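Right, one structure below, let's go through it.
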Amino acid sequence: MRTIIFIFLTLCSTLTLASIKSFKCYDVKHFNYVSINNSEIEAFPDYQCDDARRFDQLMEQVKSVSPINLYGVNLFLSKRKPKKGKNNLDFNHVRMGFNKDLPEVSKHVDAIFIHEVGHSIFHQYLLKEISYFSSLYDLDRKKDSLFNTLLERNSLLSDTGKCESPECIKWNVENSNIFSEIRKTKLEMEDWSKNNKKKVFILTRLAAPYHELFADIVAAAVLNDPEATSNALYDLLKVAIPCRSMKYSSECLNDTQGVHCLYSGVREAIWNSLISPALSNGDVKNAIEAVLLIIKGEIESELDNALENDDWIYNPDLYFKSFKSKIH
Ligand SMILES: [Zn+2]
Numbered sequence: 008m009r010t011i012i013f014i015f016l017t018l019c020s021t022l023t024l025a026s027i028k029s030f031k032c033y034d035v036k037h038f039n040y041v042s043i044n045n046s047e048i049e050a051f052p053d054y055q056c057d058d059a060r061r062f063d064q065l066m067e068q069v070k071s072v073s074p075i076n077l078y079g080v081n082l083f084l085s086k087r088k089p090k091k092g093k094n095n096l097d098f099n100h101v102r103m104g105f106n107k108d109l110p111e112v113s114k115h116v117d118a119i120f121i122h123e124v125g126h127s128i129f130h131q132y133l134l135k136e137i138s139y140f141s142s143l144y145d146l147d148r149k150k151d152s153l154f155n156t157l158l159e160r161n162s163l164l165s166d167t168g169k170c171e172s173p174e175c176i177k178w179n180v181e182n183s184n185i186f187s188e189i190r191k192t193k194l195e196m197e198d199w200s201k202n203n204k205k206k207v208f209i210l211t212r213l214a215a216p217y218h219e220l221f222a223d224i225v226a227a228a229v230l231n232d233p234e235a236t237s238n239a240l241y242d243l244l245k246v247a248i249p250c251r252s253m254k255y256s257s258e259c260l261n262d263t264q265g266v267h268c269l270y271s272g273v274r275e276a277i278w279n280s281l282i283s284p285a286l287s288n289g290d291v292k293n294a295i296e297a298v299l300l301i302i303k304g305e306i307e308s309e310l311d312n313a314l315e316n317d318d319w320i321y322n323p324d325l326y327f328k329s330f331k332s333k334i335h
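For the record, in the sequence shown the residue sitting at position 254 is 261 according to this note's numbering, with numbers rising by one throughout.
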């Protein structure tokens with residue numbers, strides 16, 4: 008459930024993506040491609056396109072409350088334990104694992120999936136809305152488009168991951184530039200990062216606790232359950248983590264779970280004053296946008312402050328107080 012806001016592509020990671028079998032699943036509306044890796048935990052039954060359907064339905068619900076048009080969230084099913092949901096912002100895909108012979112874990116898998124997609128909403132929103140990062144937003148969209156082209160090739164690979172069918176060989180000839188285009192985009196992103204090191208460093212630090220808080224808010228709002236994430240984690244990990252519940256209240260910073268709980272002291276207030284009323288009056292998208300606007304304002308003003316002051320130091324206690332004062 009961890010994510011890092013900026014991970015730049017390496018050639019090695021691109022080649023990893025190039026060998027994962029992907030499927031054009033025709034009854035799935037919200038993912039361009041579904042990648043499937045059935046080689047991990049052998050005891051779990053193999054996945055097929057049918058298994059993407061539940062995530063497609065959830066994606067529809069998430070998109071209906073997202074204040075931005077999400078691009079490029081694809082699904083990667085790999086046979087891992089359900090607790091290991093992961094949003095790979097580098098490849099724009101959410102990686103999920105579960106044992107479909109155990110339907111009782113399904114609602115927890117739903118919470119984890121929605122949490123991971125919440126990271127994509129947050130990531131894309133910040134890049135799009137904070138002007139310092141608009142060039143990176145454009146590059147990220149370009150990368151997403153190139154990856155979708157690459158996934159088209161992956162859907163033509165053999166079961167052993169080789170490009171040997173006539174269709175795949177023809178595709179290779181027609182799209183011979185794809186790897187150099189990806190490499191070029193990767194270099195552009197790296198250059199941008201090198202030239203904007205301070206901005207990236209500051210944004211990454213400031214955004215990390217908001218990322219986790221926001222992803223939990225989306226899961227709770229979509230499932231209409233303030234304890235969606237905390238209950239999922241309790242059942243899957245057998246550990247109580249109350250600071251992941253939207254019922255959690257505290258006046259203080261809580262860093263027992265690192266960035267996942269650092270700003271948990273606003274959870275109850277956000278649920279009671281914004282999300283719960285919105286669920287009653289059917290206005291969840293506006294409530295989620297209101298949360299994003301507050302967070303964006305907090306990050307932007309601190310980013311401006313940090314860029315103007317060479318002696319800036321990271322002070323989560325101060326930011327938390329400021330953030331909390333904006334929640335009514
Ligand atoms: Zn997370």
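Glycine included, each C-beta is placed from N, C-alpha and C at the ideal position.
Keep in mind that this is a model prediction, so the values were computed, not measured.
Taking every protein chain shown into account, the CB of Ser46 has fewer than 16 other CB atoms within 10 angstroms, so this residue is exposed. Annotation note: the region 123 to 197 contains the following uninterrupted alpha helix (DSSP H) runs of length 4 or greater, listed N- to C-terminal: 141 to 161, 173 to 181. In this structure, Ala228 sits away from Ser237, with a CB-CB distance that is not shorter than 9 angstroms. Rounded to the nearest angstrom, the gap between the Cα atoms of Asn293 and Lys93 is 27 angstroms.
Given a length threshold of 4 residues, each whole run of the alpha helix (DSSP H) inside the region 225 to 290 is given here in chain order: 235 to 244, 274 to 277, 283 to 288.
With a threshold of 8 angstroms, the Cβ atom of His267 counts as near ligand 1, since some heavy atom of the ligand is closer than that.
Cα atoms of Cys250 and Asp147: separation of roughly 32 angstroms, rounded to the nearest angstrom. Contact between Tyr40 and Phe30 holds: their C-beta atoms lie close to 7 angstroms from each other, under 8 angstroms. In this structure Gly265 is exposed. Its beta-carbon is surrounded by fewer than 16 other beta-carbon atoms within 10 angstroms.
When the alpha-carbon of Ser332 is set against those of Ile282, Ile121, Glu258, the nearest one is in Glu258. Taken atom to atom, the span from the alpha-carbon of Lys107 to that of Glu49 is near 13 angstroms. Restricting attention to Ala226, Trp278, Ile209, Val116, the CA atom closest to the CA of Glu315 is found in Ile209.
Judged by the Cβ position, Asn261 fails to qualify as a neighbour of ligand 1 at the 8 angstroms threshold, every heavy atom of the ligand being at least this far.
Note on geometry: alpha-carbon atoms of Val225 and Ile176 lie some 42 angstroms from one another. In the DSSP assignment, Arg102 falls within the unbroken beta strand (DSSP E) covering 100 to 103. Its Cα nearest to that of Lys149, the residue Leu194 stands out among Asp262, Phe327, Leu194. Straight across, the Cα-Cα distance linking Ser280 with His130 is about 24 angstroms.
At a Cβ-Cβ threshold of 9 angstroms, Ala313 and Lys204 do not count as neighbours. Annotation for Asn95 indicates a beta carbon at 8 angstroms or more from all heavy atoms of ligand 1. In this structure, the C-beta of His115 stays at least 8 angstroms away from each heavy atom of ligand 1. DSSP links Ser85 through a beta bridge to Asn44. The three-state reading of DSSP puts Ser113 in helix, counting H, G and I together. Rounded to the nearest whole angstrom, the CA to CA distance from Trp319 to Ile121 is 35 angstroms. If you draw a straight line from the Cα of Asp117 to the Cα of Asp63, it comes to about 11 angstroms. DSSP lists no bridge partner for Phe327. For His122, the shortest C-beta to heavy atom distance toward ligand 1 is below 8 angstroms. Within the same chain, Glu275 come within 6 angstroms of Ser256 by CB-CB distance, once the 5 residues on both sides are set aside.
The region 124 to 144 makes contact with the region 291 to 311; the number of CB pairs closer than 8 angstroms reaches 3 or more. Residue state for Ser29 is assigned as strand, using DSSP reduced to three classes.
Per DSSP, Lys36 lies in no beta strand (DSSP E) segment and is marked neither H nor E. Spatial neighbours of Ile75 in its own chain (CB-CB distance under 7 angstroms, excluding positions within 5 residues in sequence) are listed in chain order as Ile128, Gln131, Tyr132, Lys135.
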